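Undergrad: Chains as they are written, first to last, in the working numbering: chain A, 1 to 317; chain B, 1 to 317; chain C, 1 to 317; chain D, 1 to 317.
Glycine is no exception: its CB is placed at the ideal position from the N, C-alpha and C atoms.
This one's a predicted model, so the numbers in the text were calculated from it and none came from an experiment.
Please read through the structure below; I'll follow up with questions.
4 protein chains.
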Amino acid sequence: MGVMRIGHINIRVLDMDAALHHYENVLGLLRADRDGDGNVYLRGWDEWDKYSVILSPSDRAGMNHIAYKVESDDDLDVFRRRIEAYGVEVEECPAGRLPDCGRSLRFHLPSGHLMYLYAQKTYVGKAVSTTNPEPWPDGLKGAGVHWLDHALLMCELDPESGVNKVEESTAFMQDVLDFKLTEQVLVGPDGDIKAATWLARTSTPHDIAFVGGPVKGLHHCAFFLDEWSDVLKAADVMAKNKVKIDVTPQRHGITRGATIYFFDPSGNRNETFAGLGYLAQPDMPVITWTEDELGRGIFYHTGELNEAFTTVYTEGA
Amino acid sequence: MGVMRIGHINIRVLDMDAALHHYENVLGLLRADRDGDGNVYLRGWDEWDKYSVILSPSDRAGMNHIAYKVESDDDLDVFRRRIEAYGVEVEECPAGRLPDCGRSLRFHLPSGHLMYLYAQKTYVGKAVSTTNPEPWPDGLKGAGVHWLDHALLMCELDPESGVNKVEESTAFMQDVLDFKLTEQVLVGPDGDIKAATWLARTSTPHDIAFVGGPVKGLHHCAFFLDEWSDVLKAADVMAKNKVKIDVTPQRHGITRGATIYFFDPSGNRNETFAGLGYLAQPDMPVITWTEDELGRGIFYHTGELNEAFTTVYTEGA
Amino acid sequence: MGVMRIGHINIRVLDMDAALHHYENVLGLLRADRDGDGNVYLRGWDEWDKYSVILSPSDRAGMNHIAYKVESDDDLDVFRRRIEAYGVEVEECPAGRLPDCGRSLRFHLPSGHLMYLYAQKTYVGKAVSTTNPEPWPDGLKGAGVHWLDHALLMCELDPESGVNKVEESTAFMQDVLDFKLTEQVLVGPDGDIKAATWLARTSTPHDIAFVGGPVKGLHHCAFFLDEWSDVLKAADVMAKNKVKIDVTPQRHGITRGATIYFFDPSGNRNETFAGLGYLAQPDMPVITWTEDELGRGIFYHTGELNEAFTTVYTEGA
Amino acid sequence: MGVMRIGHINIRVLDMDAALHHYENVLGLLRADRDGDGNVYLRGWDEWDKYSVILSPSDRAGMNHIAYKVESDDDLDVFRRRIEAYGVEVEECPAGRLPDCGRSLRFHLPSGHLMYLYAQKTYVGKAVSTTNPEPWPDGLKGAGVHWLDHALLMCELDPESGVNKVEESTAFMQDVLDFKLTEQVLVGPDGDIKAATWLARTSTPHDIAFVGGPVKGLHHCAFFLDEWSDVLKAADVMAKNKVKIDVTPQRHGITRGATIYFFDPSGNRNETFAGLGYLAQPDMPVITWTEDELGRGIFYHTGELNEAFTTVYTEGA
């Protein structure tokens with residue numbers, strides 16, 4: 001019973017051809033489908049459900065929705081009741097509303113981001129089979145990312161007016177969807193303002209994260225790589241393709257992951273996130289970052305937030 | 001609700017000083033305690049509970065017991081009922097029977113291995129703190145392993161007489177303890193004999209595994225490393241310390257992990273296991289290895305089982 | 001003035017199609033040419049001369065000759081005089097005798113191996129250009145080796161009869177061709193028998209090496225990889241292609257290089273050798289390995305020579 | 001005959017205690033000596049001569065001199081004649097003028113940087129011995145750099161007034177000291193202004209480099225690491241020690257090396273340079289970078305020179 005993992009993200013792109021070059025040839029996602037509205041569906045080679053990324057043509061970059069997969073169909077009934085009991089409006093959508101998925105729950109996080117839960121998506125299998133599989137498939141393109149790993153959503157935070165959507169969305173994920181809080185940034189004169197949080201359902205450090213900002217937005221979505229050596233290859237591939245890199249290979253203090261931040265051609269920030277980081281567990285104590293060490297938390301090596309980190313993002317819905 | 005992870009393993013060693021040199025200076029475990037009977041308690045730097053390895057002085061190498069940690073104390077009542085209902089004798093032990101642990105359940109797997117479940121163990125914290133932690137602590141020794149990752153238990157398998165304790169223990173872990181079967185080796189003329197299995201509760205490829213052999217035994221216990229570069233360092237450290245290496249750096253086909261197999265001074269096989277491998281999930285299809293590709297499954301690069309793999313092991317209880 | 005580096009090796013193969021699959025798709029060499037006699041010419045992507053490997057169809061595996069490139073045409077006259085003065089017969093061959101090369105010197109090492117020196121070979125350029133080059137080219141196959149790095153030649157060694165062709169060939173390389181002895185294995189009751197030597201002209205630990213054995217032979221030829229992470233990829237590629245691996249990823253004590261030993265389909269041993277090792281310099285003291293630590297010298301992790309190391313080789317001429 | 005490699009660099013530091021913490025505990029150099037004037041002598045663990053870095057107390061950061069080691073004492077006579085014949089004033093200094101060194105030649109490059117040549121320095125041996133050495137020593141601190149690899153000297157460049165000390169110093173190194181030009185940056189409307197050059201005597205991509213700037217200065221001195229995984233460790237160590245990092249892990253297009261740029265406490269820029277890059281050879285064609293791709297040449301991943309690269313440096317003499 002419960003949420004298993006991030007299922008997919010629906011990203012808006014301004015130029016589909018440029019976007020496909022980026023997500024297919026640079027990140028190395030595999031194309032699964034294209035629908036009549038021009039939406040393109042992709043997945044990582046190590047994923048077995050049909051897609052984890054939907055690219056939607058638009059004139060504004062950003063995220064339409066984010067979806068998580070739950071363990072069984074019955075879980076949807078449980079979560080529907082819980083969400084409603086929490087005072088959040090939830091709509092049950094019939095199978096097919098999310099393409100290739102069974103029935104789903106549609107609701108907005110307190111931060112305003114649109115989220116779906118679903119229990120079933122068309123199975124297609126990993127690019128390596130289930131019988132005597134090779135450790136990686138031949139013919140991978142670009143960075144060869146394994147799977148959609150997590151997203152960081154920017155939530156409105158204005159301590160002066162008492163608005164903290166990071167805190168509200170975090171509480172919702174913990175109380176309603178049983179996510180485990182793994183790390184948090186506490187700021188302010190009393191060190192009690194949750195400025196950013198990381199939460200997990202898998203044993204990885206995060207399946208979703210929230211960070212405070214002026215408005216609701218998409219900070220980035222991240223794709224998994226095995227390890228640091230894959231990060232160098234990924235950065236080389238980005239250079240070959242003239243991808244705009246935001247932050248070159250570096251370690252996060254938070255999650256310990258090795259990262260590259262970069263932008264898709266529409267300006268949506270992507271990340272390649274490498275390594276397990278640590279084994280997240282329900283009984284692992286929450287890790288807290290204080291305001292003076294926030295820089296090290298985000299970018300461990302420099303200890304400095306580049307200006308873009310908090311000012312460049314795309315729309316959250 | 002449920003089993004979270006491997007909690008600890010109790011290993012018998014013939015020479016405690018030699019064992020401590022090995023587990024502390026080669027593997028890099030931290031010593032937590034030593035009791036009046038001469039048992040020594042150790043943990044990895046990235047673990048927060050007091051210990052994950054108990055070394056017990058003995059004149060026979062092998063494993064005394066293996067223990068898994070469950071999420072809450074109430075879970076023990078649930079599992080007690082389930083285990084009994086499965087027809088397996090289970091004893092509830094008072095707090096302290098497992099040192100520094102709360103009450104525990106004591107039972108034997110169908111393969112005969114002694115297992116405990118417990119919900120509470122003395123918390124001591126990671127070697128990096130919970131406030132603005134560094135990604136790794138200063139002063140690590142040897143390979144600097146992060147945590148006890150899993151164990152592979154050898155189970156009696158004799159197809160001619162119809163004995164298959166791999167299958168029985170696997171079924172128990174699935175049916176009673178809600179483990180997910182991630183990979184299996186099927187052999188025999190009809191390809192229906194479970195000769196080895198890998199099962200998980202975390203999102204990693206395995207928290208326990210079973211392999212067929214002539215008798216019940218301990219094949220190995222494994223400790224986590226981040227990645228392939230750590231494997232080279234670990235192998236170098238073993239060479240500096242004249243550790244008997246069974247299999248030099250290589251990739252497993254099964255789990256995709258990068259491995260070194262080696263022996264502690266008493267002859268218990270250890271492994272350093274590097275990398276996440278893949279994200280194990282309840283809905284991930286089971287991966288099957290056939291008899292003709294079994295070699296690739298175990299040792300992907302050579303495709304050949306070295307003779308020691310199936311003939312060298314220590315006692316299972 | 002002087003020898004610059006290994007120029008090429010001429011290897012005999014039993015099945016050219018199988019050999020080409022191996023050298024092109026597994027090692028990742030680029031095909032440069034095929035002549036009327038069925039010889040195929042290949043090079044690594046990081047080499048600028050036309051070829052560094054000649055595969056010659058034959059019914060006996062082994063090496064026909066090995067060739068080194070000198071800095072200028074005049075050097076050939078100097079070396080001709082030196083070689084003759086050393087009492088070794090030398091033939092000056094006209095341009096074209098070595099295909100695509102200028103005039104060359106042809107002689108046998110004291111160990112009997114046939115060696116050429118040449119100063120000029122057709123220039124074709126690296127797969128990355130000389131203007132704003134990328135760090136690696138797109139479309140690489142297999143392990144993507146950079147260049148032919150060195151060869152280890154087996155020389156007759158029979159201390160009882162006083163035969164030591166390792167010592168004689170080493171002296172020739174030092175005295176006549178100005179090679180620097182970087183490492184040596186000294187064995188025997190008095191520790192004065194040169195059983196193996198490594199010599200360099202570049203700043204790498206070796207451009208040629210000699211090891212004692214029952215007869216003259218080719219132990220292996222090696223191809224360069226950047227680093228340890230490339231070794232894992234190379235081993236994975238070999239597994240995918242069912243290459244017979246002799247020694248899985250391991251470090252050499254001698255040279256410190258990370259290695260895989262494996263066989264081409266004809267039984268010629270290859271190596272992928274990764275990393276600089278150390279900066280070899282004329283004033284670096286010679287490193288000596290004693291008989292009791294010879295195992296660590298060859299295979300640092302296990303400290304044990306596998307049986308194949310000294311018993312499996314192909315013909316040296 | 002000829003220059004072998006960079007021998008040492010003499011760097012001025014403002015606070016010796018802070019400098020020693022940096023060079024010993026962060027970089028991992030070994031202290032060799034301290035003289036009566038407070039100069040401290042250090043070397044990398046993989047060097048055999050007594051020192052490669054002299055730290056001199058001063059109230060101005062920068063470089064006092066740079067020194068290269070030649071192969072034999074006689075070479076000094078040859079180079080003295082050549083340098084004089086080139087019209088450059090040269091002084092022969094007696095043994096001991098460079099501490100622990102034999103006689104030396106003292107002269108200024110056309111760019112004004114003070115350079116010494118010497119043939120002999122006190123031998124102390126690598127931290128691993130010359131008999132059955134381990135691949136790396138126990139007890140290394142910090143990043144554990146192997147050796148001083150190269151320096152990049154800033155030379156006055158003012159195309160409008162026709163001043164190009166990059167070109168002049170490059171020509172001197174080529175014509176007088178037999179360095180090989182491996183890479184160059186050509187800028188200006190006709191693409192004929194040498195704005196930066198890389199030159200080698202070893203088989204590595206560079207033993208010295210020059211870059212144009214407003215005045216003579218020291219851009220950085222670099223220390224060798226094996227590979228990319230060592231770069232992550234080095235960056236982590238810098239973060240632990242709050243070292244000011246200029247450029248986080250990234251690849252150079254020029255030389256292909258993996259780099260971190262950072263500052264010592266006095267503001268002298270250091271680099272950890274990882275990997276061989278490629279095998280530099282006398283017959284390797286010169287690699288040219290054009291003005292429009294200069295950014296990729298320096299920082300391959302971003303393709304952008306950070307502002308500090310050309311504006312922050314310390315004095316060159």
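For Ala32 (chain C), does the three-state DSSP call read helix, strand or coil?
TA: Position 32 of the third sequence, counted from the first residue, corresponds to residue 32 (chain C). Three-state DSSP puts Ala32 (chain C) in a strand.
Undergrad: For the alpha helix (DSSP H) containing Trp228 (chain B), name the first residue and the last one.
TA: Translated into positions along the second sequence, residue 228 (chain B) becomes position 228. Trp228 (chain B) -> alpha helix (DSSP H) spans 228-240.
Undergrad: In the structure shown, what three-state DSSP assignment does Gly295 (chain B) receive?
TA: Along the second sequence, read from residue 1 onward, the residue named residue 295 (chain B) stands at position 295. DSSP places Gly295 (chain B) in helix when its eight states are reduced to three.
Undergrad: Any C-beta of chain D sitting closer than 8 Å to the C-beta of Pro159 (chain A)?
TA: Along the first sequence, read from residue 1 onward, the residue named residue 159 (chain A) stands at position 159. No, Pro159 (chain A) does not count as interfacial toward chain D.
Undergrad: Is the beta carbon of Glu71 (chain D) sitting closer than 8 Å to the one on Met1 (chain D)?
TA: Within the fourth sequence, residue 71 (chain D) is the residue found at index 71, counting from 1. Within the fourth sequence, residue 1 (chain D) is the residue found at index 1, counting from 1. Cβ atoms of Glu71 (chain D) and Met1 (chain D): closer than 8 Å.
Undergrad: DSSP state of Met1 (chain B), grouped into three classes?
TA: Within the second sequence, residue 1 (chain B) is the residue found at index 1, counting from 1. Reduced to three states, the DSSP call for Met1 (chain B) is coil.
Undergrad: Using a Cβ-Cβ cutoff of less than 6 Å, which residues in the same chain neighbour Ser203 (chain D) once the five nearest sequence positions on both sides are dropped?
TA: One-based indexing of the fourth sequence puts residue 203 (chain D) at position 203. Result list for Ser203 (chain D): Leu279, Ala280, in chain order.
Undergrad: Assuming Met154 (chain A) and Lys216 (chain A) are in contact, meaning their beta carbons sit under 8 Å apart, how far apart are those beta carbons, in whole angstroms?
TA: For this step, residue 154 (chain A) is matched to residue 154 along the first sequence. For this step, residue 216 (chain A) is matched to residue 216 along the first sequence. The Cβ separation is near 7 Å, so the contact holds.
Undergrad: From this set, D:Glu291, D:Asp175, D:Gly267, which residue's C-alpha is nearest Tyr313 (chain D)'s C-alpha?
TA: The residue given as residue 313 (chain D) occupies position 313 in the fourth sequence. Looking at the Cα atoms, D:Gly267 is the closest of the given residues.
Undergrad: Comparing the C-beta of Leu305 (chain A) with each C-beta of chain D, is any distance below 8 Å?
TA: Sequence index remark: in the first sequence, residue 305 (chain A) carries index 305 (1-based). Not closer than 8 Å to any Cβ of chain D, the Cβ of Leu305 (chain A) fails to qualify, so no.
Undergrad: By the three-class DSSP mapping on this structure, what secondary structure does Phe107 (chain A) have?
TA: Working through the first sequence from its first residue, we reach residue 107 (chain A) at position 107. Strand.
Undergrad: For Pro137 (chain D), which residues from the same chain have a beta carbon less than 7 Å from its beta carbon, with the 5 sequence-adjacent residues on both sides left out?
TA: By one-based count along the fourth sequence, residue 137 (chain D) stands at place 137. Result list for Pro137 (chain D): Trp45, Ala127, Val128, in chain order.
Undergrad: Taking 8 Å as the CB-CB limit, is Tyr300 (chain C) close to chain B?
TA: Position 300 of the third sequence, counted from the first residue, corresponds to residue 300 (chain C). True, the Cβ-Cβ gap to chain B drops below 8 Å.
Undergrad: Chain B partners of Gln281 (chain A), CB-CB under 7 Å?
TA: The residue given as residue 281 (chain A) occupies position 281 in the first sequence. Going along chain B in sequence order, the residues near Gln281 (chain A) (Cβ under 7 Å) are Met4, Arg5.
Undergrad: Is the beta carbon of Val3 (chain A) closer than 8 Å to that of Leu55 (chain A)?
TA: The residue you call residue 55 (chain A) lines up with position 55 of the first sequence. The residue you call residue 3 (chain A) lines up with position 3 of the first sequence. No, the pair does not count as a contact, with Cβ atoms beyond the cut-off.
Undergrad: What three-state label does DSSP hand Asp37 (chain B) in the structure shown?
TA: Residue numbering aside, residue 37 (chain B) sits at position 37 when the second sequence is read from its first letter. Note: Asp37 (chain B) maps to coil in three-state DSSP.
Undergrad: Relative to chain A, which residues along the segment 147-178 of chain B have a C-beta separation below 7 Å, given in chain order?
TA: Residues passing the 7 Å Cβ filter: Trp147.
Undergrad: To the nearest angstrom, how far is it from the Cα of Gly144 (chain B) to the Cα of Arg43 (chain B)?
TA: Locating residue 144 (chain B) in the second sequence gives position 144, where the first residue counts as 1. Locating residue 43 (chain B) in the second sequence gives position 43, where the first residue counts as 1. In a straight line, the C-alpha of Gly144 (chain B) is about 11 Å away from that of Arg43 (chain B).
Undergrad: Which value, in whole angstroms, describes the spacing of the CA atoms of Glu315 (chain A) and Val90 (chain A)?
TA: The count along the first sequence starts at 1 and reaches residue 315 (chain A) at position 315. The count along the first sequence starts at 1 and reaches residue 90 (chain A) at position 90. The alpha-carbon atoms of Glu315 (chain A) and Val90 (chain A) are separated by roughly 22 Å.
Undergrad: Measuring alpha carbon to alpha carbon, tell me which residue in B:Gly102, B:Asn64, B:Pro135, B:Ala195 is nearest His108 (chain B).
TA: Working through the second sequence from its first residue, we reach residue 108 (chain B) at position 108. Ranking the options by Cα distance to His108 (chain B), first place goes to B:Asn64.
Undergrad: Against chain D, does Trp289 (chain A) count as a neighbour if the rule is that its beta carbon must be under 8 Å from one of theirs?
TA: Locating residue 289 (chain A) in the first sequence gives position 289, where the first residue counts as 1. It does not: the Cβ of Trp289 (chain A) has no partner Cβ on chain D nearer than 8 Å.
Undergrad: Give the interface partners of Asp236 (chain A) over in chain D, defined as CB-CB distance under 8 Å, in chain order.
TA: One-based indexing of the first sequence puts residue 236 (chain A) at position 236. Chain D residues near Asp236 (chain A): Arg251, Tyr300, His301.
Undergrad: Can you name the residues of chain B whose CB is closer than 9 Å to the CB of Glu24 (chain D)?
TA: Locating residue 24 (chain D) in the fourth sequence gives position 24, counting from the first residue. Correct list: empty, because the minimum Cβ distance to chain B is about 15 Å.
Undergrad: Could you check what DSSP says for Gln250 (chain B) in three-state terms: helix, strand or coil?
TA: Translated into the one-based positions of the second sequence, residue 250 (chain B) becomes position 250. The answer is strand: DSSP assigns Gln250 (chain B) an E or B state.
Undergrad: Say whether the segment 16-28 of chain D touches the segment 285-299 of chain C, bearing in mind that this needs 3 or more beta-carbon pairs closer than 8 Å, one atom from each stretch.
TA: The segment 16-28 of chain D, when compared against the segment 285-299 of chain C, does not touch it at the 8 Å Cβ threshold.
Undergrad: On a CA-only basis, which of A:Ala61, A:Pro94, A:Lys69, A:Leu105 is nearest Arg81 (chain A)? Give me that one, please.
TA: The sequence position of residue 81 (chain A) within the first sequence is 81, counting from 1. Selected option, being the one with the closest Cα: A:Leu105.
Undergrad: Just to confirm my understanding: we take Gln174 (chain B), look at its own chain, exclude 5 residues before and 5 after, and list those with CB closer than 8 Å. What are they?
TA: Counted from its first residue, the second sequence places residue 174 (chain B) at position 174. Cβ neighbours of Gln174 (chain B) beyond the five flanking positions: Lys180, Leu181, Leu199.
Undergrad: Is Ala274 (chain A) close to chain D, meaning its C-beta is less than 8 Å from at least one C-beta of that chain?
TA: Residue 274 (chain A) sits at position 274 when you count from the first residue of the first sequence. No, no contact with chain D.
Undergrad: Give a yes or no on whether 8 Å exceeds the smallest Cβ distance from Trp45 (chain A) to chain C.
TA: Here residue 45 (chain A) corresponds to residue number 45 of the first sequence, with the count starting at 1. False, the Cβ-Cβ gap to chain C never drops below 8 Å.
Undergrad: Taking a Cβ distance cut-off of 8 Å, strictly less, list which residues of the segment 125-148 of chain B are near chain D, in chain order.
TA: Those residues of the segment 125-148 of chain B that come within reach of chain D (Cβ to Cβ, closer than 8 Å) are Glu134, Pro135, Trp136, Asp138.
Undergrad: Counting Cβ pairs closer than 8 Å, one from the segment 238-251 of chain A and one from the segment 240-248 of chain C, do we hit at least three?
TA: Judged by Cβ distances under 8 Å, the segment 238-251 of chain A makes no contact with the segment 240-248 of chain C, as fewer than three pairs qualify.
Undergrad: With a threshold of 8 Å between beta-carbons, can Pro285 (chain C) be considered close to chain D, or not?
TA: Here residue 285 (chain C) refers to the residue found at position 285 when the third sequence is read from its first residue. Closer than 8 Å to some Cβ of chain D, the Cβ of Pro285 (chain C) qualifies, so yes.
Undergrad: By DSSP, does Pro135 (chain C) sit in helix, in strand, or in coil?
TA: As a position in the third sequence, residue 135 (chain C) is number 135, starting the count at 1. Pro135 (chain C) falls in the coil class under three-state DSSP.
Undergrad: Return yes when the Cβ of Arg269 (chain D) is within less than 8 Å of the Cβ of His219 (chain D), no when it is not.
TA: If you number the fourth sequence from 1, residue 219 (chain D) lands on position 219. If you number the fourth sequence from 1, residue 269 (chain D) lands on position 269. Yes.
Undergrad: Report yes if the C-beta distance between Leu152 (chain D) and Ala209 (chain D) is below 8 Å; otherwise report no.
TA: Numbered from 1 along the fourth sequence, position 152 holds the residue referred to as residue 152 (chain D). Numbered from 1 along the fourth sequence, position 209 holds the residue referred to as residue 209 (chain D). Cβ distance < 8 Å, so Leu152 (chain D) and Ala209 (chain D) count as in contact.
Undergrad: Can you check DSSP and say which residues form a bridge with Val13 (chain D)?
TA: The residue given as residue 13 (chain D) occupies position 13 in the fourth sequence. Paired residue(s): D:Pro57.
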